[in-house]
Amino acid sequence: MSELNNFIDLAAAEAPSPVIPHLAEIIVGLVAFSLLFYVLKLKVVPKFEKAYEERTNAIEGGLARAEKAHLEAQQALAQYTGQLAKAREEAQTLREDARVQGASIIEDLRAKAQEEAVRITATAHASIEAERQQAITSLRAEVGALAVELASKIVGESLDDAARQSRVVERFLDDLEKSK
Amino acid sequence: MRNSLRSSTDEGFVPPDAGDFILPPIFGDSILTTKPVILVFFSVFLVSTLFIASSRKASIIPSKLQFAGETVYGFIRNEIGQDVIGSEFRRFVPFLFTIFTFILTNNLFGIIPFIQFPTMSRIGFPVAITLFVYFTYHFVAIRKHGLLKYLKDMCFMPGIPKFMYLIQAPLEFATYFLIRPLTLAMRLFGNMFAGHLLLILFTLGGEYLLHNDNFILQLFSVFSFAFSIVFTFFEFFVQCLQAYIFTLLSALYIAGALADEH
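Order-wise, the sequence lines are chains A and B.
Per my numbering, the very first residue in the first sequence carries number 13; after that it's consecutive.
Per my numbering, the very first residue in the second sequence carries number 119; after that it's consecutive.
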């Protein structure tokens with residue numbers, strides 16, 4: 013009590029220099045500051061830091077997600093564009109192939125038809141020739157016999173000898189052909 | 119404390135002086151119950167309560183209270199801590215945050231109605247905070263560089279002529295060990311002391327003029343009161359500024375202690 017009163021009396025009397033600190037006040041300041049420091053350090057700062065971190069994560073996470081989605085979309089677009097181009101190319105190739113193939117098929121068919129026609133014509137010719145030969149042969153034989161018979165009847169001379177007979181006929185026919 | 123008003127009316131105007139900053143105990147007779155001491159503890163309670171309430175349910179999307187608290191915290195953390203100290207700022211944030219909120223609250227007491235006493239105008243409190251800063255930056259530097267290298271780097275700045283060390287070394291040493299703590303404490307104390315003195319002067323002056331028998335002098339009291347109001351706004355600015363400067367300088371000193379060369 014007395015010390016404090018002295019202090020106050022002194023102050024009232026001659027106002028001591030205000031830059032001389034009072035020890036009690038320094039101690040009070042130290043204690044109060046420490047108290048506040050520990051309360052803020054233990055109770056307030058960690059909470060704020062946690063919120064900060066969460067917010068940073070949320071923002072960075074969101075950004076990263078957006079970035080990823082954007083990248084994926086771009087990839088998909090590139091992929092689709094590529095696929096589309098490829099499909100177009102393929103269609104083009106197919107059309108070209110089909111055209112070439114069609115042309116070659118037509119060419120083949122035409123060639124085959126030509127060949128067939130040639131073959132058929134040839135066969136026809138051959139058969140006609142064969143028939144003609146056959147007809148000629150048979151005609152020759154028959155005509156010979158008929159003529160001999162006719163001649164023998166007319167001449168009355170038996171021309172039984174086959175060899176002679178045929179020689180005569182041949183000669184006759186040859187003459188016929190020559191006269192033609 | 120003298121009752122300035124009574125002395126004024128009895129024996130002419132007595133301007134306020136340093137004696138007006140010595141307040142008696144509010145109750146009891148201990149130094150621990152004087153107004154400044156009670157205010158200091160009240161500020162601890164106030165700041166703690168406010169920031170605990172503001173950070174208790176801290177989440178990604180802040181409430182209004184959290185936003186307010188975070189604005190102050192973020193300002194100290196990013197604008198002072200991160201920008202000044204750099205990569206190692208995180209462990210100093212609680213310290214800087216305490217300095218700023220503690221000083222700001224106690225300064226603002228100077229203009230809050232009914233409280234109206236800036237506790238930092240009692241030099242013991244700035245000295246106490248300065249002691250923390252003083253020991254922190256020396257401790258940080260000694261732990262990082264070792265005592266000898268710290269003293270060598272401090273006193274013998276590279277790149278100046280050898281004979282200049284005769285002047286430079288003592289100057290640097292004095293800067294680190296005497297001038298910095300002295301100016302840090304005196305700046306805060308001086309600003310708060312002078313500001314409060316001015317406020318008392320204009321208020322008491324106005325009151326003295328108002329109680330005067332002369333009508334013209336009574337009229338002039340209006341100017342005196344008006345000036346005290348203007349100065350209250352000015353004081354608000356100074357109080358915030360001083361809290362900021364004290365915190366900023368503390369961060370600068372810590373940053374200097376952490377730096378490889380200064």
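Even for Gly, the Cβ is constructed at its ideal location relative to N, Cα and C.
Distance between residue j and residue i (C-alpha atoms, nearest Å)
| i | j | result |
| --- | --- | --- |
| Arg427 of chain B | Gln286 of chain B | Within the shown structure, residues of chain B are numbered from 119 to 380, placing residue 427 of chain B beyond reach of any answer. |
| Ser161 of chain B | Ala76 of chain A | 44 Å |
| Ser148 of chain B | Pro142 of chain B | 9 Å |
| Leu249 of chain B | Ile297 of chain B | 13 Å |
| Ile363 of chain B | Ser205 of chain B | 21 Å |
| Leu164 of chain B | Val190 of chain B | 15 Å |
| Phe227 of chain B | Glu72 of chain A | 41 Å |
| Phe243 of chain B | Ala70 of chain A | 42 Å |
| Glu79 of chain A | Gln86 of chain A | 11 Å |
| Leu306 of chain B | Ala361 of chain B | 8 Å |
| Gly146 of chain B | Ile247 of chain B | 27 Å |
| Ala44 of chain A | Arg209 of chain B | 20 Å |
| Gln177 of chain A | Leu158 of chain A | 11 Å |
| Ile170 of chain B | Ala377 of chain B | 34 Å |
| Ala138 of chain A | Ala125 of chain A | 19 Å |
| Ser181 of chain B | Ser173 of chain B | 10 Å |
| Val162 of chain A | Val130 of chain A | Per the sequence shown, the amino acid found at residue 162 of chain A is Leu instead of Val. Between Leu162 of chain A and Val130 of chain A, the C-alpha separation is close to 46 Å. |
| Leu188 of chain A | Ala136 of chain A | 28 Å |
| Arg124 of chain B | His329 of chain B | Caution is warranted here: a pLDDT of 43 is assigned to Arg124 of chain B, below 50, making its placement in the model unreliable, and the coordinate value is therefore given only provisionally. Their backbone Cα atoms lie some 11 Å apart in a straight line. |
| Thr127 of chain B | Pro134 of chain B | The predicted position of Thr127 of chain B is uncertain, since its pLDDT is 48 and thus under 50; a value taken from the coordinates is nonetheless stated next. Answer to the nearest angstrom: the Cα atoms are 14 Å apart. |
| Met304 of chain B | Thr151 of chain B | 25 Å |
| Lys389 of chain B | Gly374 of chain B | Here chain B has residues from 119 to 380 only, and residue 389 of chain B is not among them. |
is_contact[residue i, chain A] using C-beta, thresh 8 Å
| i | result |
| --- | --- |
| Ile297 of chain B | no |
| Tyr191 of chain B | yes |
| Ala136 of chain B | yes |
| Val155 of chain B | yes |
| Thr216 of chain B | yes |
| Pro276 of chain B | no |
| Ser177 of chain B | yes |
| Val211 of chain B | yes |
| Ser368 of chain B | no |
| Ser205 of chain B | no |
| Glu188 of chain B | yes |
| Phe220 of chain B | yes |
| Val448 of chain B | Because chain B spans 119 through 380 in this model, residue 448 of chain B falls outside it and cannot be assessed. |
| Val165 of chain B | yes |
| Phe311 of chain B | yes |
Range covered by the alpha helix (DSSP H) that runs through residue i
| i | result |
| --- | --- |
| Leu328 of chain B | Arg298 to Leu328 |
| Lys270 of chain B | Leu265 to Cys273 |
| Gln336 of chain B | Phe333 to Leu376 |
| Tyr191 of chain B | Lys182 to Gly192 |
| Val202 of chain B | Looking at the DSSP string, Val202 of chain B is not in any alpha helix (DSSP H), and its letter there is neither H nor E. |
| Phe49 of chain A | Leu35 to Val51 |
| Ser239 of chain B | Per DSSP, Ser239 of chain B belongs to no alpha helix (DSSP H) and is neither H nor E. |
| Ile156 of chain B | Lys153 to Ser173 |
| Ile221 of chain B | Val211 to Leu226 |
| Ala175 of chain A | Ala174 to Ser191 |
| Leu289 of chain B | Tyr283 to Ala292 |
Contact list for residue i against chain B, beta-carbon separation under 8 Å
| i | result |
| --- | --- |
| Leu42 of chain A | Ala246, Leu249 and Phe250 |
| Ala88 of chain A | Chain B residues near Ala88 of chain A: none, gap ~31 Å exceeds 8 Å. |
| Lys59 of chain A | Ser173, Arg174 and Ala176 |
Contacts that residue i makes with chain A (C-beta to C-beta distance below 8 Å)
| i | result |
| --- | --- |
| Ile170 of chain B | Val51, Lys55 and Val56 |
| Val158 of chain B | Val40, Gly41 and Ala44 |
Chain-ordered neighbours of residue i on chain A, where CB pairs are closer than 9 Å
| i | result |
| --- | --- |
| Gly130 of chain B | Within chain A, no residue comes near Gly130 of chain B; the closest Cβ sits about 18 Å away, beyond 9 Å. |
| Ser181 of chain B | In chain order: nothing, as chain A lies at least about 11 Å away. |
| Val202 of chain B | Within chain A, no residue comes near Val202 of chain B; the closest Cβ sits about 18 Å away, beyond 9 Å. |
Proximity test, Cβ basis, 8 Å: residue i and chain B
| i | result |
| --- | --- |
| His34 of chain A | yes |
| Ala81 of chain A | no |
| Ala24 of chain A | Its pLDDT being 49, under 50, Ala24 of chain A is placed unreliably by the model, and the measurement read from it follows with that caveat. Interface residue, yes. |
| Ala85 of chain A | no |
| Ala70 of chain A | yes |
| Arg67 of chain A | yes |
| Lys62 of chain A | yes |
| Glu101 of chain A | no |
Residue i: contacting residues in chain B (beta-carbon distance under 7 Å)
| i | result |
| --- | --- |
| Leu47 of chain A | Val162 |
Interface residues of chain B facing residue i [CB-CB closer than 9 Å]
| i | result |
| --- | --- |
| Ala78 of chain A | Within chain B, no residue comes near Ala78 of chain A; the closest Cβ sits about 17 Å away, beyond 9 Å. |
Distance cut-off 7 Å: residue i Cβ against heavy atoms of the ligand MG
| i | result |
| --- | --- |
| Tyr326 of chain B | As presented, the structure is devoid of all ligands, the ligand MG included, so that no description of it is given. |
Test: residue i CB closer than 8 Å to a CB of chain E
| i | result |
| --- | --- |
| Phe345 of chain B | As a matter of chain content, chain E is missing from the structure shown, whose protein chains are A and B. |
Contacts of residue i in chain A (Cβ-Cβ under 7 Å)
| i | result |
| --- | --- |
| Phe139 of chain B | Pro30 |
| Ile241 of chain B | Pro30, Val31 and Pro33 |
Checklist entry - Which residue spans inside the segment 79-104 of chain A form an unbroken alpha helix (DSSP H) run of at least 4? => result Runs of the alpha helix (DSSP H) spanning 4 or more residues and lying entirely within the segment 79-104 of chain A do not occur at all.
Item to check | Start-end ranges of the alpha helix (DSSP H) lying completely within the segment 121-168 of chain A, minimum 4 residues | outcome: Runs of the alpha helix (DSSP H) inside the segment 121-168 of chain A: none found.
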